[in-house]
Amino acid sequence: MGWAGGSRLLSDVWHAVKKHIPKEKRVNVCKALIEAFEAEDCDTIDECFGNDKAFEIAYYELHPELRDQ
């Protein structure tokens, strides 16, 4: 699999598991998922922002330098 579909795969994973994760834990879970996908060179995480606000919060906590770009 190429990483062109990485954000789609991450979105699918998130939709499968988020209902089982308490809202107060979602940002931390998103951080772990983002780190795992980025470690495998997925660079399209920002495409997941519309799935859940937790993705955007987690992404910018991990990459604050990208917030204003």
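Mapped onto the working numbering, the consecutive letters of the sequence shown carry residue numbers 71 to 139. Yeah, the Cβ is synthetic: ideal placement off N, Cα and C, and Gly gets one too.
- Rounded to whole angstroms, the separation of the alpha carbons of Lys-89 and Glu-117 is 20 Å.
- Taken in chain order, the whole alpha helix (DSSP H) runs of length 4 or more contained in the stretch 106-136 are 123-132.
- Around the beta-carbon of Arg-137, fewer than 16 other beta-carbon atoms lie within 10 Å, marking it exposed.
- Membership of His-85 in the alpha helix (DSSP H) is indicated by the continuous run 76-87.
- Thr-114 and Ile-91 have their C-alpha atoms roughly 23 Å apart.
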